[in-house]
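Numbering (UniProt numbering), first residue to last: 1 to 302. Just so it is clear, CB atoms sit at the ideal spot from N, CA and C, and this is done for glycine as well. Below: one structure, written as structure tokens.
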């Protein structure tokens, strides 16, 4: 459900989506009391649009060190626009696929802007709708140089949905480290160190730079994307959890599979995570990136 509760001059927006996560965002200057029920894909799309129309400002002038959860500009695309951007889902534009999810290189705004478009089949992809919903609602509220930027979304039926991202032309980190014939010159030692620093900054922002804690829950070599300058950006927020600051000190239970990241010891024992799980996963990434050694796991496109 999505609730908007009135409290004097402050609009509080609380998203409680079937226990996946909860977000509270505030915006001054509004007085509104409304209640939505999410009914299928159309309900999700309508509620997202409502959030975007009432996007919040920074919460208070007294605390400018941390960003509050405020919905940032996120464009709603039509299916016609998505088809035009991908040349009607041209196979030649496919840049990745993974279990009911296909990623295309696309072009928007009269083909002046290159983007990545993720197509999620809700029937074929296990938990595809839940993952798309989570990623869409999380990324609509985050902006950081080391997080991949969500440009927009499209949900028009119960069969599939789309997310439109900035295009990361150098792909994911795994594709370079574990290519059939890797080119060591592409990611020299200094560049690897810069990638590590970029990922660390992104995680620090998620854990401490916001009013509420965000746990990524999926830090791995596939979820680290590289732009044209080889700058690292965290992606794949489909398993992410949001909550109050106490979340950083408490374990939360997640439903996941074995492919979403290098989950730490506490997860293997209790199936629960905290921000420390992200740190543990990042440590595994550091080891692989700086040593150049494989763990024995295979990495495909996602």
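When you compare each of 275, 76 and 135 to residue 235 by their alpha carbons, which one comes out closest? Residue numbering aside, residue 235 sits at position 235 when the chain shown is read from its first letter. Among 275, 76 and 135, the Cα nearest to that of residue 235 belongs to 135.
Give, in chain order, every unbroken run of the beta strand (DSSP E) that is at least 3 residues long and sits entirely within the region 75 to 103. 94 to 97
Straight-line gap, residue 113 to residue 227 (C-alpha atoms, nearest Å): Translated into the one-based positions of the chain shown, residue 113 becomes position 113. Translated into the one-based positions of the chain shown, residue 227 becomes position 227. Distance between the alpha carbons of residue 113 and residue 227: 14 angstroms.
How long is the line joining the alpha carbons of residue 285 and residue 279, rounded to whole angstroms? On the chain shown, position 285 is the one that residue 285 refers to. On the chain shown, position 279 is the one that residue 279 refers to. Roughly 10 angstroms separates the two Cα atoms.
Going by the CB atoms, is the gap between residue 164 and residue 77 shorter than 8 angstroms? Looking up residue 77 in the chain shown gives position 77. Looking up residue 164 in the chain shown gives position 164. Between residue 77 and residue 164, the gap from beta carbon to beta carbon is short of 8 angstroms.
Just verifying my parser: in three-state terms, what is the DSSP assignment at residue 161? On the chain shown, position 161 is the one that residue 161 refers to. Looking at residue 161 - three-state DSSP - the assignment turns out to be strand.
Three or more C-beta pairs under 8 angstroms: does that hold for the region 115 to 127 against the region 97 to 105? Yes, they touch.
Which word fits residue 131, buried or exposed, when buried means at least 16 other C-beta atoms lie within 10 angstroms of its C-beta? By one-based count along the chain shown, residue 131 stands at place 131. With 16 or more other CB atoms across the displayed protein chains lying within 10 angstroms of its CB, residue 131 is buried.
If you measure from the beta carbon of residue 83 to each beta carbon in chain C, is any gap under 8 angstroms? In the structure shown, chain C does not exist; there is a single protein chain.
If you count every other CB in all the chains shown that lies within 10 Å of the CB of residue 148, and 16 or more means buried, which is it? Looking up residue 148 in the chain shown gives position 148. When all chains shown are included, residue 148 counts as buried.
Note down, one range per segment and in chain order, each beta strand (DSSP E) of at least 3 residues found wholly within the region 101 to 128. Complete beta strand (DSSP E) runs here, min 3: 101 to 108 and 113 to 121.
Counting pairs of Cβ atoms below 8 angstroms between the region 203 to 223 and the region 172 to 180, do you hit three or more? With a cut-off of 8 angstroms, the region 172 to 180 and the region 203 to 223 count as touching, because enough Cβ pairs lie within range.
Between residue 111 and the ligand MN, is there a pair consisting of the residue's CB and a ligand heavy atom that are separated by less than 7 angstroms? What this structure holds is no ligand at all, so the ligand MN is not there to describe.
Helix, strand or coil, according to DSSP, for residue 195 in the structure here? For this step, residue 195 is matched to residue 195 along the chain shown. Of the three classes helix, strand and coil, the one that applies to residue 195 here is helix, per DSSP.
If you check the beta carbons only, do residue 82 and residue 162 fall under 8 angstroms apart? For the purposes of this step, residue 82 is identified with residue 82 of the chain shown, where counting begins at 1. For the purposes of this step, residue 162 is identified with residue 162 of the chain shown, where counting begins at 1. Yes, these two residues count as a Cβ contact at 8 angstroms.
What first and last residue would you give for the alpha helix (DSSP H) that runs through residue 283? As a working mapping, residue 283 is identified with position 283 in the chain shown. It spans 275 to 291 - the alpha helix (DSSP H) in which residue 283 sits, taken as one unbroken run.
I'd like the span of the beta strand (DSSP E) that includes residue 179, first residue to last. Along the chain shown, one-based indexing puts residue 179 at 179. No beta strand (DSSP E) holds residue 179; DSSP gives it neither H nor E.
Exposure of residue 126, with buried meaning 16 or more beta-carbon neighbours within 10 Å: Within the chain shown, residue 126 is the residue found at index 126, counting from 1. Under this definition residue 126 is an exposed residue.
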